[in-house]
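In what follows, a single structure is set out as structure tokens and then discussed.
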Amino acid sequence: MDDESPDPNLRGIDLTRIGEGRYKATNGRGGVLPVGSGDDPDFTPVELLLAAIAGCSAIDVDLITRKRADAIAFHVRSVGHKVRDEHGNHLTGLHLAFDVRFPEGEGGDKARGVLTSAIEKSRDRLCTVGRTVQVGAPITYTEAEISPSSPS
98 MDDESPDPNL RGIDLTRIGE GRYKATNGRG GVLPVGSGDD PDFTPVELLL AAIAGCSAID
158 VDLITRKRAD AIAFHVRSVG HKVRDEHGNH LTGLHLAFDV RFPEGEGGDK ARGVLTSAIE
218 KSRDRLCTVG RTVQVGAPIT YTEAEISPSS PS
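Heads up: the sequence shown begins at 98 in this note's numbering, then just goes up one per residue.
Dropping the structure here:
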């Protein structure tokens, strides 16, 4: 994927098969993340979605609170139930639980004082991943026109 796009808002990754039921996602900065079907230690796509929601909100919350004090412990649990119903396969009951600890003292007190509002701001406005899941976005699927001699 060429992240040198003229659109500064465009985001993307490339996904390449590396084995049976195993893939690698590569971003434009060269980062690689293994993706699997669940029979291996790689993250499944559902786990990646949960991680993306948690990671997005964690970054928001950390940026807001650390202006007052750096957390001494920061943990987020992201869960959801995978179901199959009349809408097909999807997740329900998505939930993030934040366990964030700050040092004693004035800075820690200030950080604790904004923690709840930081979580709410992430949920309601800031976290692109969570907001996209909440408000929905259409996804288009196409078959790329690749010549048979193109490298895979």
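Even for Gly, the Cβ is constructed at its ideal location relative to N, Cα and C. This structure is a prediction, so every number in the text was calculated from the model and none was measured.
Checklist entry - From Leu193, Gly127, Asp104, Val197, pick the residue whose C-alpha is nearest to that of Asp111; which is it? => result The count along the sequence shown starts at 1 and reaches residue 111 at position 14. Cα-wise, what sits closest to Asp111 is Gly127.
Checklist entry - Just how far apart, CA to CA, sit Tyr120 and Leu160? => result Here residue 120 refers to the residue found at position 23 when the sequence shown is read from its first residue. Here residue 160 refers to the residue found at position 63 when the sequence shown is read from its first residue. Each residue's alpha carbon lies about 32 Å from the other.
Item to check | Straight-line gap, Lys207 to Arg165 (C-alpha atoms, nearest Å) | outcome: What you label residue 207 is simply residue 110 of the sequence shown in a count that begins at 1. What you label residue 165 is simply residue 68 of the sequence shown in a count that begins at 1. When rounded, the separation of the alpha-carbon atoms in Lys207 and Arg165 is 6 Å.
Checklist entry - Taking just the CA atoms, how far does Val230 sit from Cys224? => result As a working mapping, residue 224 is identified with position 127 in the sequence shown. As a working mapping, residue 230 is identified with position 133 in the sequence shown. The straight-line gap from Cα to Cα measures roughly 10 Å.
Next on the checklist: To test your reading of the DSSP string, which unbroken beta strand (DSSP E) runs of 3 or more residues are found completely within the segment 158-242?
Outcome noted: Fully enclosed beta strand (DSSP E) runs of 3 or longer: 170-182, 185-198.
Checklist entry - So Ile150 packs on Gly227, CB below 8 Å; how close in whole Å? => result Against the sequence shown, residue 150 aligns to sequence position 53. Against the sequence shown, residue 227 aligns to sequence position 130. Contact holds; Cβ gap of about 5 Å.
Item to check | Cβ neighbour criterion (16 or more within 10 Å) applied to Ala241 | outcome: For the purposes of this step, residue 241 is taken as residue 144 along the sequence shown, with counting starting at 1. When all chains shown are included, Ala241 counts as exposed.
Item to check | Distance CB(Gly177)-CB(Gly185) smaller than 9 Å | outcome: In the sequence shown, residue 177 corresponds to position 80, counting from 1. In the sequence shown, residue 185 corresponds to position 88, counting from 1. Gly185 sits away from Gly177, with the two beta carbons spaced by 9 Å or more.
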